[in-house]
Every structure is written in structure tokens, then in C-alpha cells.
Amino acid sequence: MIHSKLGDSYFLTSDPDLAGSPPRRVPPTIVSRTTNHASSSSSQLDSSKFKNVEMSGDDYGLKHKAETAVARAPLETSGIPSLGLPPLKTGLSDDDLRESAYELLLASMLFSGVEVCPVEDRKKDKSSKFLSRLKSKREKPHLQPQLSERHSELIDTIRAQMQISEAMDGCIRRNMVHLAARRTCGQIDLPQISLELLIGIFRSDFLNEKSYIQWKSRQVNMLEELLYFSAKLPETEHLTIKSCLAKIRDTKEWDVAMSPSQRVEVISFIRQVASKVSSQQGLFGLQNETYYWHAAYHLNIRLYEKLLYVMFDILDEGQLIEEADAIQSLIKLTWSTLGITQKMHNALYGWVLVQQFAGTDEGTLLEHAVFPLQRVVSAEEDDWNEGQYMDGIICLKKCNGSETNLNLVQAIFLSIGTWCDSRLQDYHLYFSEKPVNFRRVMALASAIGMLTSVNGAEIKLTMNGSKSSSGEKIKNYVERSVEAAIGQVAKSILESKVEKTHPLALLANQLRLVAEREMNIFFPVFRHWSPESITISMQRLHQFYGQRLIPFLKGVSSLSEEARSVLPAAFMLDQKLGQLYTSAFEEQTAHHSVRPYLDHYQIEKVSGPIILDWVIGQHAHILEWTGRVLDLEDWEPLSFHQRQAASIIEVFRILEETVDQLFGMNLPLDITHLQALLSIVFHSLDGYLSRVLNQLVEKNHLYPSAPPLTRYTETVIPIIKKRLNEYTVLDDNVLDRLNELTIPKLCIRLNTLQYIQKQVGLLEDGIRNSWALVRPSLNQGRAKEEPVEILESDSLSHHEAVDELFVTTFNIIRDTAKDTGRKICDLIGTRVVFWDLRDAFLFHLYRDNVESARLENFLTDFDTVLDNVCGLIDDSVRDLVVLSVYQASLEGFVWVLLDGGPCRAFSDSDSILMEEDLMMLKVCVFLL
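Take the sequence shown: its letters are residues 213 to 1140, numbered as in the numbering used here.
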């Protein structure tokens, strides 16, 4: 490879046209670091991690934390570490292995007695199905043809899964059938298959020269891998094999220069050598063992992997096909050729499933993988011969920079364990989006054993390890993952484009999400091995944020924008961490006589005084605003449905905004803040009611003066308890106020007072509910220090004090509004009768003579006034207003009788008529 300004250039050692199709899977990401994260010792956190970090500049140490997290991040690879099998020396590609595996599967099926029809025979079978339907029903079809048809369908499925063309499939079947017909005994092996295909398949069977050369090169490579590199032969035969294979590989010599007899001679020599090698005894004395079991295990295992991949849908590699079980039974026919045992199959099948999950992220594959791997763990110990054979399958694994030899099962478990370990060391990164996969990975890790370190160098899998050793490993996972999560949060904050949000506020919000994920997703899985793991994460999150918050708290002196942003976020984080920490220890009370606790950030000590200053500042502002809106009030209804004044809407709006702002700060509050808030409510509404009351006039100003010739004493009519007030001349101020206090405007005032009584109840309920939400968090700081009895006693006294505050404040407002409403009600009735209807009613009732000026003549005037009033007044006070009008009319009736003046003269005969009018008024009052 050479480097240039335009990029990297490569020299290829092979012809690109002969390289075959590209691989299906995504290659692993290229990384520059080679740190091995499998060792638990390397995952230990630095002892200095809990030391304070210098908070220079405005990033509060986040940049340093982000850089540290990036440097310590786990290796970013989507795949699993390889098994470390010896390499293939002939450069066989994945496509080569896949096609060779298919050829082996067909040959194994034929040699096992499974009928595999050539393509021509299958076409004949299809054409003869129609004729078979015409036969007699007594000629029932045989079970064997049905079984053969089933196998044929499975083979077609396998062919499609392994991407073998129909033409090549036909050639392979034809030659394998011939091979099976010639061999009546013995086992099939890979050299026999390749030699048979080289004899029976020709250039004319391929569509183009390129395909033929690729196919022939693959067959030669298979023979070279098996007979030249893997077999132990005398030097002369070794050289001759190499020469023969070179002739076959040379297209011009093999297909043009050499005659058919010469080609047969070359193949015959290779067959003789292959037969000689096949006849050699296996090394371990196992049943059906061949020489190639051990000599070519690096090739055999790779071929078997390709066969196992057939069970995954090529269109959706995260799903097993429906025929997976049936295909697996056919794949097992290759065991005797490839040297696969039940234990090896279970290990390789689990290995393939885990690899497929790593490439697709389909969680059900992990569930499928656990079962075969558990069978490997729980399998009985191998007999001596099989154990020797398993130990002879050597895989070279790199551990902490050194190499070690492992057998196949150990290598599989170590690769899977290493992959699980890398994911669990940063589980927040890998499993936050799909938390269900976290539980699956933990089940997989526990099935194969936890990675542990011996003497800080050699990595081992602890199978069925003690709970204490597993617990230590879980703690290590928690420490590393939380550290990584903090680093990722710091990195995201530094890259955040959110304006006007303080970094400490963003940090608190993000760390709270980390804590919630830790508790809700990960801890329920970890608690089986390490119940105290949650305390590690909570303590680390609490300490990390506290190191950055405490210097900030020292500089807070007012409710600035920064304080409004940071303090609530910090308080919510502090409360959340405390809740999670406490709830975790509630499950471990049997193991801890003294419960540890987190040292809270003491935010209330900083926020309490500045919140109180803010509330006091709002007090003066709201009182000023209340006076201003009343000065601008014209006492017109807002709308037909909203008949109260606009000013009271504004007053309650600003009060509700103040309440929302106070409780919306999400900061700790105490009873002092509540007192200050209720003081604002009381003085604002009381001031409003006082202004409304002061705008009224005494109703005695509305009574007309008695005519000078009227004579009577208080003893004339015993019913009268007191004399009417003497009429006085009204000054200009009273007249101006009377002119303003029209009936419509008095009605709007009365509606407004009724609205106040309704809204006061809603405002009280809202403040009570908000206070109830705030209060539980205030007792947490004391709950860890004081006995339950003391806390309950204090809580009762606190609730009593709070209730007294609410009752005192809002009952006074209600009473004041009710009293003012009664005065306005009386004023409305008095004004209607003695002011607005003075000329129409008072001065004309019984004038000159009773019969011509009776009460019924003036009822239409009352009806008109009452219709207007009912159209303005709220339904809840309508009856009270109407009653007030009739009571005032009754009072006016008495005034006419007593102070009617010289224009009225009554005789004994008039008493009957006046009694009827009086009864009419009484009935109206009684009906109301």
C-alpha cells in the first residue's frame, strides 16, 4: 500500500476478475487503537477518578471528561473476535467455501442413502405426475417418493440459500450420483469430491471462461489445501502433487495442450495419493474418524460454518427459515466427513447464531444461541479419546498482547465472552435503544461464564463462578459503563446547539436520564448477581455532578437566568438519585443494619433566601398592578357569557402566573415561602375589594327628603322601628359617584364579587395541590437522621400550620366579598326604587287619590327595570337582587304612606285598596 494526496492505493496480488462475488456482510470498522478490553483488570477504574477535576473556563471540566471517555471507549466493532483457526494457505474465499460446502452436503446425502434426483429426472417426475393421477385409487403412492420429493424441496431451498445456480447444481448432482454409484463402501471425503468434479465437469458446462476458471481454481485450491499443505507425504509425492495441481490450474496447458488421456493420468495420480492419505488411521481412535478430521480441521470447521449459515434467510439474515430444523438434520450428515461431534455442533451453532446477531441486531437470535451453548456447558465430560481430539483442534487467541492456544470450544466461548464483555463495559451505549437485548446478552454471558483475569495477564472464562466473583465483575461493568455514559453526556453537551441553556442544567438533565435507565433497565438484571451495583452508579453520578455544582452554588446570589436554569435541574437530579439510591437499599435492609445515604447538594440553603426575595419583590409589583387595572376599569362586562369586570380577570391572571412561577421553579420551598405567597394573594384581593367598597355610597343619600307638611310620630304605626334618615343636600363628590354607580355597573360589580368567591376556591385548591407536590421532597433530607415518631409529629404540626394559613387567608377574602356583595345588593334595590323610579313611582303612587294611582299602575315600570337587571346579573345572585328591589319597593310604599306629603290624602275607604296593594307587594317578596 502506498499513500498519496489522493488517498491510499493498493497493489493486488490476484486477478480481480477471478476474485468472485463480494462478501455479503459489512466489514468491521477500521480502528487505530488496539487496546484489549477483555481483561477485567484493564477495566478497573483509575484510583484518581474520584478526585476533583479542575473547572477551568465555562465547560466545567466537560471537555476533559469527553476526551477521556473517547480515549477509553471500547473497541468499536460490530463483529465478534475470530476463533483464531489456522489460516487457509491457498486463499480460499468465503464464496469458495460456500460452494464447496454445498458440494459436500450433496455428496453426504447421497452416501447416506438420501435420494438426490438429477435435474433431468426431476423434470421427468414433474411431467409424470399428471399420469399418476389417472391411475386407479387402489394403486396408492409409496411413502418413498413422497420422502424423496420432500428432500428435493429441501435441497432446492438449500441451493437457493447458498446461491448456487441451477445449471451448476445439475452438474454437481450428476457427478455426485456417479461417484456414489461407483463407491459401495467407505466414507466420502473432500478430495474425492473435487477429483470427481474435475473429471466430470467441462468448460462447455459454463456460460463464460471466467466462471469456469474460478470454479477450477477453487477445486485445485481445495486439493492443494488438503493434499499439499495438510497431508504428510513423502517429498517426491509432495512435489508431484504440487506439479499436478499446477498443470490443472494452468488453463492453457490443462484445457488446450493436454490430451484427455493425459488429464486422466494426472487425475489418477492425485486420486492415488488421496486414497493413500484417506487410508491413514485417525490420531485419536474415534469411531468413523478419518485422517482429515485433525489434519484439515481448520478447513472442516469453516465449511461447517457455511452450512450452518444456510438456516438464515438470505433476504432477512436476522431470521431463521421455516425449514431450519429439517435442514439441520441434513447438515448433520456431513459430521463423519468433517469430524464434527455433538459438542462441536452445539458450540458452532451457538457461535454462528451470536455472529448473526452481531451483524443484524435481531435479539431472538441470542435467545436461540443460549440453548446450544448451555448444552455444551452442561454436557457430560468427554471420554479420553474425544477429549484428546477436542484438545487437538487448536485455535490461536491473542490475550493482552500475548498468544495462547485454546481448543475449539474454549476459543468459541472466549470470543463470545470477549464480545459480551466489550458490550457490557458500555451497556448504556449499546442497549439504551434496545434494552431487551441487554437481558439477552447477560443471559448469554452467564451461560458461557464471565470473563475474569488471572495475575493480570491471562484471560479466563469462569464457568458457574461464585456469586461474589460475578458480583465483582458486575460492579466493574457498572463502573466502566457509567463512566463511559458520563463521557458521552459531556461530549453531547459540548456539541449541543441548544442556546441559552446552561451546561450544568443540560448535564443534570442528561445524568438524570442515565440514572433512570440504570434503575429501570439495567439494575433489574444486575441485581441477581450484585444487588449493590445500583449504589455504585448513583454515587458516581452524584459525585461527578456535585464536583461541578458546588462551585456554581457559591456564586449564586439572585434568581438570575443561570440560577433559574441550573438550580431546578440540579435539584431534580439530586432528588432522583436520592430516591433511586434509597429504593435500592430498601431491598437490602436485611444485609445492612445502618443504611448509608447520599449527601444532598443542600440546594435549599442557596435557593431559599433568593426565592423569598423574589416573592417579596412580586408582592409590591402585584399590588401596583392591581391598583392600575382598577383605575382603568369602566365596569363593563367582558361578554354576554362573561359578565364580570375585566380588571378581576387581570388580577387573578397575575396571581395565577405568580403561583405557577413559584411552584414551576421546581425548587425546594418551606412554609415561609407559602406565607409570603398567601400574603400576596390576600393583600391583592383585599385591596381590590376595599377599592370596590370605597367606590360605593351610603343608601341614605338616595332617600328623598320628607315634605314639610308631613306629620307623624314613631308611635303612630308600631311596626316602624326607626325613622328614615333625614334628607341632606348631596355634595358634588357623592353625586359624581352616584352617576357612576348606575344599575348596570352595580350589577357588573356584583358579578365580579361573585366571580371572586368562585375563583378564590379554585386558587386555593391549586396552591394546596402544588404545595402537596412540593412537600414530600422536603422531608427526605431529614428522614435519614430522625426517628419516624419525630417526623410524624413534626408533620402533623406542619399540616396544622399550613391549614391555618389557608383558612385565615381565604376565609377573610370570602367574607369580605360576601359582605361587599350584600351592600351592593341593597344599593341596587334602593337605587331602583328611590332614585331611578323616584319620579315614576314614589312621586305618583296614590297621588291626588288612591283609586286612580294604585300600585298596579306602576308594575310595568318595575318589570322593565327587573328585565334589564336580570339580563345583566349572574344567575347565582339574580334572586337576591330581585328580592332587594321588592324590599326597597316595600320600603318605598311605606315612605309614600308616611312621608307622602300634602298631595296625598287618605280616607277610611282607601285602606282596603292600600291593604290589597300591600298584600301584593308582600306576595312578591314571599314568592322570592
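Heads up, the beta-carbon is just placed ideally off N, CA and C, and yes, glycines get one too.
Asked: Burial state of A508 (16 or more Cβ within 10 Å); Found: buried
Asked: Residue burial classification, L821 (beta-carbon count within 10 angstroms, cutoff 16); Found: The residue you asked about is not Leu; residue 821 is Pro in the sequence shown. Burial call: exposed.
Asked: A393 beta carbon near the ligand ADP (any heavy atom closer than 7 Å); Found: Within the structure as shown, the ligand ADP is missing, as the structure has no ligands at all.
Asked: Through-space distance from F1022 to E976, alpha-carbon basis; Found: 7 Å
Asked: Contacts around T572, its chain only, beta-carbon distance under 7 Å, and the 5 residues preceding and following it disregarded; Found: E529 and G530
Asked: Selection from A581, A559, C607 and E574 that minimises the alpha carbon distance to A591; Found: A559
Asked: Residues of its chain near Y521, where Cβ-Cβ distance is below 7 Å and the 5 sequence neighbours each way are ignored; Found: V564
Asked: Residues bridged to C611 (per DSSP); Found: S614
Asked: Touch test, the region 786-797 against the region 718-727, Cβ-Cβ under 8 Å, three pairs minimum; Found: yes
Asked: Entirely enclosed beta strand (DSSP E) segments - the region 580-659, minimum 3 residues; Found: 606-611 and 614-619
Asked: For L1125, the nearest candidate out of E1068, S416, L1078 and G1083 (CA to CA); Found: E1068
Asked: Given 8 Å, three or more beta-carbon pairs between the region 581-591 and the region 422-442; Found: no
Asked: Whole-angstrom distance between D1075 and S1121, CA atom to CA atom; Found: 29 Å
Asked: Three-state secondary structure (DSSP) of F1053; Found: helix
Asked: Close beta carbons around L1102, own chain, < 6 Å, minus the five adjacent residues each side; Found: L1133
Asked: Proximity winner among F797, L824, T964 and R752, relative to H853 (alpha-carbon distances); Found: T964
Asked: Nearest residue (CA-CA) to I960, options S851, L457 and R587; Found: S851
Asked: Where the alpha helix (DSSP H) through A720 begins and ends; Found: P715 to R729
Asked: Beta-carbon proximity list for V694, same chain, < 6 Å, skipping 5 on both sides; Found: S749 and R752
Asked: Reduced DSSP category for F524 - H, G, I as helix; E, B as strand; rest coil; Found: strand
Asked: Beta-carbon proximity list for I883, same chain, < 8 Å, skipping 5 on both sides; Found: H1010, A1013, V1014 and L1017
Asked: Closest residue to N597 among E574, L498 and V653 (Cα-Cα distance); Found: L498
Asked: Whole-angstrom C-beta distance between L402 and L318, which should lie under 8 Å; Found: That belief does not hold up - the Cβ atoms of L318 and L402 are roughly 13 Å apart, past 8 Å.
Asked: Euclidean distance between Cα positions of S795 and E744; Found: 11 Å
Asked: Residue range of the alpha helix (DSSP H) that includes Y757; Found: S745 to K766
Asked: Residue(s) in a DSSP beta bridge with L532; Found: F524
Asked: Cα-Cα separation, G562 to E691; Found: 29 Å
Asked: P821 - DSSP class collapsed to helix/strand/coil; Found: helix
Asked: C-alpha gap between V648 and F569, whole angstroms; Found: 13 Å
Asked: The alpha helix (DSSP H) enclosing H450, as first and last residue numbers; Found: E447 to R461
Asked: M380 versus D417: straight-line alpha-carbon distance, rounded; Found: 8 Å
Asked: Span separating the alpha-carbon of D603 from that of F414; Found: 42 Å
Asked: Alpha carbon of D872 to alpha carbon of E862, nearest angstrom; Found: 15 Å
Asked: Closest residue to R739 among F323, K687 and I979 (Cα-Cα distance); Found: K687
Asked: DSSP-derived helix/strand/coil call for T553; Found: coil
Asked: DSSP-derived helix/strand/coil call for P293; Found: coil
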